[in-house]
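Residue numbers (our numbering): 24 to 283. Structure, as structure tokens:
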């Protein structure tokens, strides 16, 4: 398997139709992933950043923007990408900050199809998608099989709560899987929920494929909360440090928490 580049470039980034991190050379890579086309046959492009270190190690993936109005999650992923340029000491870090392009463009939580007769839908109920399904399913099938799958050994999926609801830094983790509980604790959140998973949720699909994943709710939707963003960035750095991918110190929790 290889990373497949199209003949296109945009703003200095190569456009790819498939990512395979293992075949990339050492260094920083900035891509656009071609996930779908618009009704005008224009490519819909998701930005992807890969930092590949000289030393072998795990592949860590950070995703955000499954819901288009979850600004804190998107901004957290972007800040992680900026902060860690040139700092990954082993393995690879893959950052994908804007999964739901149509929802982000519309300022809405849901995926918005170009079909006027199709209802908006929650993408995080349809992973890993279907090749012969509706627009949302086809979008996710391409995303899963050509960008996500095979490119991670553990993952963090960043979200926020639905708009209008005040929310803390909150982590969903399947306690049956020790690596996900370790990651949840490294995030130093306000709350950790024992989450056995739900059908169609990205976190669940990753865990079912043997790739530990947690969902992190970074505060409230549709607003920007600097404190929660900074805490989430710090938590991700803790996870990378714990996995010996980053030469940093782990920030210990500032006070005792009860895990339910």
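Glycine included, each C-beta is placed from N, C-alpha and C at the ideal position.
For residue 100 against residue 181, the beta-carbon gap comes to about 6 Å, under 8 Å, which counts as contact.
As DSSP reads the structure, residue 54 sits in a beta bridge with 37, 71. The alpha-carbon of residue 174 is positioned some 17 Å away from that of residue 77. Going by DSSP, residue 150 is part of no beta strand (DSSP E) at all; its letter is neither H nor E. Rounded to whole angstroms, residue 245 and residue 37 show a C-alpha spacing of 31 Å. In the DSSP assignment, residue 171 falls outside any beta strand (DSSP E), carrying neither H nor E. Taking a 10 Å sphere around the C-beta of residue 253, we find fewer than 16 other C-beta atoms and assign the residue as exposed. For residue 256, same chain residues with a beta-carbon under 7 Å away, outside a window of 5 residues either side, are 99, 102, 103, 106 in chain order. Assigned with DSSP and collapsed to three states, residue 93 falls in coil, not helix or strand.
Closest in alpha carbon position to residue 263, among 275, 115, 231, 247, is 115. Taking a 10 Å sphere around the C-beta of residue 199, we find fewer than 16 other C-beta atoms and assign the residue as exposed. Shown here, residue 120 sits in coil according to DSSP, grouped into three states, outside any helix or strand.
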